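Following: one structure in structure tokens, then a few remarks.
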Amino acid sequence: SQQGEEDPQALSIQEGENATMNCSYKTSINNLQWYRQNSGRGLVHLILIRSNEREKHSGRLRVTLDTSKKSSSLLITASRAADTASYFCATARIQGAQKLVFGQGTRLTINP
Amino acid sequence: GAGVSQSPSNKVTEKGKDVELRCDPISGHTALYWYRQSLGQGLEFLIYFQGNSAPDKSGLPSDRFSAERTGGSVSTLTIQRTQQEDSAVYLCASSLSIWGEGYTFGSGTRLTVV
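Protein chains in written order, with our numbering: chain A, 511 to 622; chain B, 30 to 143.
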């Protein structure tokens, strides 16, 4: 069954604005990760947040994790045209097979 | 190598033919994963390897799909008697261990079955 679900499915904003994407999951996790995918090919790892962390920053990226609500958000500040891509959250479960389970992704479009 | 290498990058095959997809992970990465992504969809887990062993094959869609990994390095995903619904991008990723670290993905193989 699908572990992560992103919201919204698609987001279109103007360059310079902030973009927020959300991810919900169902089971207890070891960590949650965000990836970016350009042009439907390889994914690039952006950031990893562990279950005992609540917030993490990397450049213009800010990730939050609320384990009580089983949700995470990815904020991209001061968006650029190059940020146009699909963004996926992925969860690593505490128990069971050690593989990342990916959501369906959010398609982000930054308009110049 | 510096990154995860997949070959071929594109493959067009006739329905009923067998295909082999190759993944060359980052040197030293013990964990290797195969995912499938249909157009506009998320990633569907297929199989992962720890070393040469495959502890979890639960994602393989049917017995037409198989995979192996030799020498703790290169992996091959084989699809026998391909069907049109097998058309997708097949993505390989590797990581240092299976314990939830970040993955490095290859660029994928786009498989089209006609």
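Where a beta carbon is used, it is the ideal one built from N, C-alpha and C, also for glycine.
From a predicted model like this one, the values you see are computed outputs, not experimental measurements.
Would you say residue i and residue j are within 8 Å of each other, going by their C-beta atoms?
{"i": "A/Ser-582", "j": "A/Leu-542", "result": "yes"}
{"i": "A/Ala-602", "j": "A/Ile-539", "result": "yes"}
{"i": "B/Tyr-119", "j": "B/Leu-140", "result": "yes"}
{"i": "B/Cys-52", "j": "B/Gln-66", "result": "no"}
{"i": "B/Ala-60", "j": "B/Ser-124", "result": "yes"}
{"i": "A/Ala-595", "j": "A/Asn-532", "result": "no"}
{"i": "A/Ser-534", "j": "A/Glu-515", "result": "yes"}
{"i": "B/Arg-93", "j": "B/Ile-108", "result": "yes"}
{"i": "A/Thr-577", "j": "A/Ser-561", "result": "yes"}
{"i": "B/Thr-138", "j": "B/Leu-50", "result": "yes"}
{"i": "B/Ser-136", "j": "A/Arg-546", "result": "no"}
{"i": "A/Thr-604", "j": "A/Ala-529", "result": "The identity of residue 604 of chain A in the sequence shown is Ile, whereas the question assumes Thr. Contact: no."}
{"i": "B/Gly-131", "j": "A/Leu-558", "result": "yes"}
{"i": "A/Gly-613", "j": "B/Gly-71", "result": "yes"}
{"i": "A/Lys-536", "j": "A/Lys-566", "result": "no"}
With 16 as the cutoff for other CB atoms within 10 Å, does residue i come out buried or exposed?
{"i": "B/Asp-115", "result": "buried"}
{"i": "A/Lys-609", "result": "buried"}
{"i": "B/Val-143", "result": "exposed"}
{"i": "B/Ala-122", "result": "buried"}
{"i": "A/Arg-589", "result": "Contrary to the premise, residue 589 of chain A reads as Ser rather than Arg in this sequence. A/Ser-589 is buried by the Cβ-count criterion."}
{"i": "B/Trp-128", "result": "exposed"}
{"i": "B/Asp-47", "result": "exposed"}
{"i": "A/Pro-622", "result": "exposed"}
{"i": "B/Ala-31", "result": "exposed"}
{"i": "B/Arg-98", "result": "buried"}
Residue i by DSSP, collapsed to three states: which one?
{"i": "B/Asp-115", "result": "helix"}
{"i": "A/Asp-593", "result": "helix"}
{"i": "A/Gln-512", "result": "Because the pLDDT at A/Gln-512 is just 45, under 50, the model does not fix this residue reliably, and the point stays unresolved."}
{"i": "A/His-567", "result": "strand"}
{"i": "B/Asp-85", "result": "strand"}
{"i": "B/Ser-38", "result": "coil"}
{"i": "A/Thr-530", "result": "strand"}
{"i": "A/Ser-549", "result": "coil"}
{"i": "A/Thr-619", "result": "strand"}
{"i": "A/Asn-562", "result": "coil"}
{"i": "B/Lys-44", "result": "coil"}
{"i": "B/Glu-49", "result": "strand"}
{"i": "B/Ser-67", "result": "coil"}
{"i": "B/Asp-92", "result": "coil"}
{"i": "B/Leu-75", "result": "strand"}
{"i": "B/Gln-109", "result": "coil"}
{"i": "A/Glu-525", "result": "coil"}
For residue i, which residues in chain E fall below 7 Å Cβ to Cβ?
{"i": "A/Leu-610", "result": "Of the protein chains in the structure, A and B, none is chain E."}
Check: Which residues, taken in chain order from the stretch 51–72 of chain B, show a beta carbon closer than 7 Å to some beta carbon of chain A?
Finding: If the cut-off is 7 Å between Cβ atoms, the stretch 51–72 of chain B has Tyr-62, Gln-70, Gly-71, Leu-72 near chain A.
Next item on the list: Residues of the stretch 119–130 of chain B with a CB closer than 8 Å to any CB of chain A: list them in chain order, please.
Entry: Cβ proximity to chain A below 8 Å picks out Leu-120, Ala-122, Ile-127, Trp-128, Gly-129, Glu-130 from the stretch 119–130 of chain B.
Note to self: Against chain A, which members of the stretch 82–102 of chain B pass a CB distance test of less than 8 Å?
What the structure shows: Within the stretch 82–102 of chain B, Pro-84, Asp-85, Ser-87 place their CB atoms closer than 8 Å to a CB of chain A, listed in sequence order.
Notebook entry, point to check: Looking at chain B, which residues of the stretch 568–589 of chain A have a Cβ within less than 9 Å of any of its Cβ atoms?
Noted result: Under the 9 Å Cβ criterion, the stretch 568–589 of chain A contributes no residue.
Note to self: To be precise: take each residue of the stretch 519–531 of chain A, compare its Cβ to all Cβ atoms of chain B, and keep it if any distance is under 9 Å. Which residues remain?
What the structure shows: Within the stretch 519–531 of chain A, no residue qualifies.
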